[in-house]
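Here our numbering is used: position 129 in the sequence shown is 115, and no number is missing along the way.
By construction, the Cβ of each residue, glycine as well, lies at the ideal position given by its N, Cα and C atoms.
None of these values were measured; they are calculated from a predicted model.
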Amino acid sequence: MKNNIILTLEYNLGWKIFILFFFIFSIYFSSIFIIFYINLLMFIIGLMCCLLFIFVFFDTIFFKRVIFTKFNVVKYWSIFGRTYINKIKYKDLKIIHNKKGYVFGTLNFTEKKAGFFKRFCFFVSLTPLQDETIKQVKQILIEKKILKGDEYDWNY
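Written out as structure tokens, the structure reads:
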């Protein structure tokens, strides 16, 4: 496995702490809509936002690394000392890129034939990553013929 590794993505600790504080604040803010709801719509919106922020918060805490190998993309989570792995082969990979702005951006790795929950769980935040690393990811995806190379939103 070690000689198949092309690139390893790991979060920068400072940015990871910043993201965790942001999501703690977001969970608190969305829970205000749940506790002090004026109508049912505000309650439902607050509940959905709170659940989404909790999901992303735990995904950020347990994220270990993403490894690009010669044949697939592998994401590792470390949950209470146990390592969980999610692999997608390049031939089954579909990628959605949300451009990194001033604060946030994501890479969503989707298996073309997968159901909703497997698709939803495999994403990487771009905030803790350097722009050079994102360029390397783009180059790997072009070599594996997943990207054409003319995607405007990948320009950093």
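Presumed contact (8 Å Cβ cut-off) between residue i and residue j, rounded CB distance
i: L112; j: T92; result: 6 Å
i: F32; j: I13; result: Reading off the sequence, residue 32 comes out as Gly, not Phe. Contact doesn't hold; Cβ gap of about 10 Å is too wide.
For residue i, three-class secondary structure by DSSP
i: L112; result: coil
i: I13; result: helix
i: I5; result: helix
i: I31; result: helix
i: I40; result: helix
i: I21; result: helix
First through last residue of the beta strand (DSSP E) which encompasses residue i
i: F49; result: 49 to 55
Residue i - partner residues in DSSP beta bridges
i: V60; result: I53, K73
i: L(-5); result: V52
i: E97; result: L79
i: T92; result: N84, S111
For residue i, the nearest candidate out of the options (CA to CA)
i: N84; options: M28, Y76, I120, F22; result: I120
i: K75; options: S64, I53, I65, L(-1); result: I53
i: K134; options: Q116, I81, F57, N94; result: I81
i: F41; options: I126, D117, K124, F109; result: F109
i: K98; options: K77, I18, L115; result: K77
i: K50; options: F57, K56, G67, L38; result: G67
i: F47; options: L(-1), V123, L79, I18; result: What sits at residue 47 in the sequence shown is Ile, not Phe. Among L(-1), V123, L79, I18, the Cα nearest to that of I47 belongs to L(-1).
Residue range of the alpha helix (DSSP H) that includes residue i
i: L133; result: It is not in any alpha helix (DSSP H) - L133 carries neither H nor E in the DSSP assignment.
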